[in-house]
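Right, one structure below, let's go through it.
Number of protein chains: 2
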Amino acid sequence: MAPILLNCMGNERNEYIKYVKNPNLETMEEDILYHLSLSTKTHNLPEMFGDIKFVCVGGSANRMKAFAQFIHKELELSGNPEEITDICEGTDRYCMYKVGPVLSISHGMGVPSISIMLHELIKLLHHAQCQDVVLFRLGTSGGVGLAPGTVVVTEKAVDYSFQPQFEQVVLGKVITRSTELDEEVASELLQCSSELQNIPTVIGNTMCTHDFYEGQGRLDGALCSFSHEDKLEYLRKAYDAGVRNIEMESTVFAAMCRVCGLKAAVVCVTLLNRFEGDQIKSPHDVLVEYQQRPQILVSHFIKKRLGYVV
Amino acid sequence: MAPILLNCMGNERNEYIKYVKNPNLETMEEDILYHLSLSTKTHNLPEMFGDIKFVCVGGSANRMKAFAQFIHKELELSGNPEEITDICEGTDRYCMYKVGPVLSISHGMGVPSISIMLHELIKLLHHAQCQDVVLFRLGTSGGVGLAPGTVVVTEKAVDYSFQPQFEQVVLGKVITRSTELDEEVASELLQCSSELQNIPTVIGNTMCTHDFYEGQGRLDGALCSFSHEDKLEYLRKAYDAGVRNIEMESTVFAAMCRVCGLKAAVVCVTLLNRFEGDQIKSPHDVLVEYQQRPQILVSHFIKKRLGYVV
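Protein chains in written order, with the numbering used here: chain A, 7 to 316; chain B, 7 to 316.
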């Protein structure tokens, strides 16, 4: 009876969205989320995660722990925010913290690293029967024609040729997926920024590369075969195509969320203006303050959605 | 006078190899290795790293710390191996440990993540004026037609279409680099395995993918649009092309080391046989023992090269 009951529950709500797109998962006796060190047999996922409404992901484990502690204070939850524990402590691949309806997870650097986490996160949301979840990537990036510290809410995540697409290899064949993000969430975030002080924010395209040096036109890698002028020409073309920042995860994040019916936004702060240099030279405390900006913005969005602020 | 003297020193040795291939580095006043939290201005890199002869890299920070402690004991160095410190403690992107002439570094998961580390590592070796360095990637992988626990020394690192090449985007243009590895180091590693017990080892091709689920033909991701038979057919084709294991970093590792004139090898243990399943189900202690096998093999290689064993 159980599966039928489950289906009825889903149908009753009408808008029930099944985030996973894989019929095989229904017939598996156990699903081991290997890189999260969780499993459907060893953990009660609906009980642990069923109330999740917001998932925030970012590259650095320390930063995502700091965000969890920050949102804990912002939501005025009980308990000591310093004592939150890493749910994925059985592995060092990713870190995960749960704070009320908010999940904060690290994803490492680059498309493959975030894609492993997203596969297992989306299965987790499915097993836990979560609904109406919004995902945010909170990241750092190189700015294109923006003052350092500017927050970019991504309109379109584009590839190295400025196309809003993600090329995925499936069994040796290349398929192309759209990288459109949720317009409503993006404009709500822009509205939030106008209600805050000292969070300069723009909406623009975000270029996602698979390399930090040659792929982003940096002159300071171990390898460099192009000139300063070549670099500037590429950045100018990017700017003309609407690109305002460059990072390394947005296309697969947008593509997977879109395929799975998850509303998603990418919110990255720029650490430098790439027209002016390649090295990240700002003092440590300035960089730390910059990295708090996407957190403050997304926290404000969450508090508004939860009715903490009007 | 200093640059001329440096050049003379290089020429005197005849075989001096400049690992970086970027003329811009000569004119930079400071080089910040941002993701390693090191810099030419704040650290004396020749003093810290000048004696490095072996660099071992692997995905997991915990595993690379364990390897550093293991090689510390194997080389019978003074000091407490439990007290080794993370040289990159200023960042959580990577971990780095130095043990005599051996450097042990984590690189995260996937090509972009390891490529950032390799750019900065190769610049580090250059700034520290290291010579005659051998690099090893010690990893985990999915086996193709091998018993779990088998160690694969990579002959050729191949892409999803089984070609020994790596596609790198440079300023929006795709260039192709060769992924050939050092034959001598590979056969020396195979010889080492024959001198050890319980380290079953083969030489074979290693397929590098940018995705753990769809890209490797797994049926258990959040997304799956192919059948069990489609999966087996792809794995059979891979096997026929000489592929014996699948991981996510080998092509860029091989390509960058080759371009920079660094001798390199990829040594990965298989955690499962992909013809028999997708999920990693072996008990934790079995997986831990498997993961020690590449470490034991590479440690034996290093001890032989250093004259510890004949």
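Note that beta-carbon positions come from the ideal geometry of N, C-alpha and C, so glycine has one too.
When secondary structure is reduced to three states using DSSP, Q222/B falls in the helix class. Residue environment analysis places G96/B among the exposed positions, since fewer than 16 neighbouring C-beta atoms fall within 10 angstroms of its C-beta. The DSSP-derived three-state label of M115/A is coil.
Residue environment: E21/A is assigned as exposed (fewer than 16 neighbouring CB atoms within 10 Å of its CB, all protein chains considered). Contacts with chain B (Cβ-Cβ distance below 7 Å) from the stretch 167-180 of chain A involve S167, Q174, V175, V176, L177, G178, listed in chain order. For V117/B, the residues of chain A that pass the 9 Å Cβ criterion are G116, V117, P118, H216, D217, in the order they occur in the chain.
Within the DSSP secondary-structure output, A271/B pairs in a beta bridge with F142/B.
Under the three-state reduction of DSSP, E189/A is assigned to helix.
Interface annotation, Q285/A: in contact with chain B, CB-CB separation under 8 Å. Between the C-alpha atoms of E32/A and L131/A there is a straight-line separation of about 14 Å. By the C-beta density criterion, Y314/B is exposed, having fewer than 16 other C-beta atoms within 10 angstroms. Classified as buried, N28/B has 16 or more neighbouring CB atoms from the shown chains inside 10 Å of its CB. Using a Cβ-Cβ cut-off of 9 Å, C274/A is close to nothing in chain B; its nearest Cβ partner there is about 16 Å away. In the DSSP assignment, the residues bridged to F60/A are V108/A, V140/A. Residue environment for Q301/A: buried (at least 16 other C-beta atoms within 10 angstroms of its C-beta). One finds P118 in chain A with Cβ atoms closer than 8 Å to the Cβ of M254/B, taken in chain order.
The C-alpha of F259/B lies about 32 Å from the C-alpha of S233/B. Under the DSSP assignment, I77/A falls in the alpha helix (DSSP H) whose first and last residues are 67-80. The beta-carbon of G149/A is placed no less than 8 Å from the nearest beta-carbon of chain B. A Cβ-Cβ separation of about 7 Å places G116/B in contact with E255/B under the 8 Å criterion. Distance check between I111/B and each of Q75/B, K79/B, T185/B places Q75/B closest, using alpha-carbon atoms only.
Among the CB atoms of chain A, none fall inside 8 Å of the CB of I23/B. For G227/B, the chain A residues whose Cβ falls inside 7 Å of its Cβ are N28, H125, in order along the chain. If you draw a straight line from the Cα of T156/A to the Cα of M123/A, it is about 27 Å long. With contacts defined by Cβ atoms closer than 8 Å, C62/A and F73/A form a contacting pair. Under the 10 Å beta carbon count, K47/A is surrounded by fewer than 16 other beta carbons and is classified as exposed. Between the stretch 146-163 of chain A and the stretch 208-218 of chain A, the count of Cβ pairs shorter than 8 Å is three or higher; the stretches touch.
For N251/B, the three-state secondary structure derived from DSSP is strand. For Q174/A, the secondary structure class from DSSP, reduced to helix, strand or coil, is strand. Residue nearest to D291/A within the set E282/A, L277/A, R224/A is L277/A (criterion: CA-CA distance).
Taking A244/B as the centre and dropping the five residues before and after it, the same chain places the C-beta of V150, F168, M213 closer than 7 Å to its C-beta, in chain order. Residue environment for R242/A: exposed (fewer than 16 other C-beta atoms within 10 angstroms of its C-beta). The Cβ neighbour count for D37/B, taken over all protein chains shown within 10 Å, is at least 16; the residue is labelled buried.
The alpha-carbon of E126/B is positioned some 8 Å away from that of Y40/B. Legend: CB atoms of the stretch 98-113 of chain B lying less than 8 Å from CB atoms of chain A belong to residues D98, R99.
N279/B is a Cβ neighbour of L152/B, given a cutoff of 8 Å.
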